[in-house]
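Just so you know, we're using this note's numbering here: the sequence shown kicks off at 10 and counts up by one.
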Amino acid sequence: MMRTHYTRDNLADVLRRHGITPTHQRIEIAHALFSRGEHLSADQVLAIVNDRHSETSKATVSNTLNLFLEMNLMREVIGDPTKVFYDPNTAPHHHFYNVDTGELTDIDASRVAISGLPPLPDGMVTEGVDIIVRIRTRSG
């Protein structure tokens, strides 16, 4: 899969295409997420953004990440109840979550087969299926 090279200039265009006004702080937050192509927590995004521009608040990062989620610019992945990651890869895929290191890595959707989903409640459609495989170092 070819990865796009994200710059602050082309991220402004990406934000506009998703109906988001590209402010300075939104562009910096998007750059922190998309230029690395990694799964980052809100605190990691805040640290990256403030390393360059220390005026960004935790509330601004949180509100911006929620806006990006609402506008389908990224996905939210909950690795465990205490850790939420923001994933700039919105293509269908799943994840390994390393409980020892807290690292989240992608699993190509074509590598996973899902069968036997229960019937949906009346009036509902499937939006997606997210699989997180929790892994740890083998002991002994």
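Backbone N, C-alpha and C define an ideal beta-carbon position, used for all residues, glycine too.
Just so it is clear, the structure is predicted and the values come from calculations on it, not from any experiment.
Bridge partners - residue i, DSSP secondary structure assignment
i	result
E136	DSSP output for E136 lists no bridge partner at all.
L113	Y106
Residue of the options minimising C-alpha distance to residue i
i	options	result
H40	N81, L24 and S71	L24
E37	L49, M80, I29 and V54	V54
T138	T114, H103, T146 and R145	The sequence as given places Val at residue 138; Thr does not occur at that position. For the residues T114, H103, T146 and R145, the minimum Cα distance to V138 belongs to H103.
Simplified DSSP assignment, three categories, for residue i
i	result
L129	coil
V54	helix
L49	strand
R143	strand
I183	Coverage of the chain is limited to positions 10 through 149, which leaves residue 183 absent and any answer about it impossible.
M10	Low confidence applies to M10: its pLDDT is 38, below 50, so where it sits in the model is not reliable enough to give any reading.
Hey, is the stretch 128-136 in contact with the stretch 111-119, meaning 3+ C-beta pairs nearer than 8 Å? No, because fewer than three Cβ pairs between the stretch 128-136 and the stretch 111-119 fall closer than 8 Å, the two stretches do not touch.
Quick test of the definition: if touching needs 3 or more C-beta pairs under 8 Å, does the stretch 60-70 touch the stretch 97-110? Short answer: they don't touch.
Counting beta carbon pairs with one atom in the stretch 57-65 and one in the stretch 88-99, are three or more of them shorter than 8 Å? Short answer: they don't touch.
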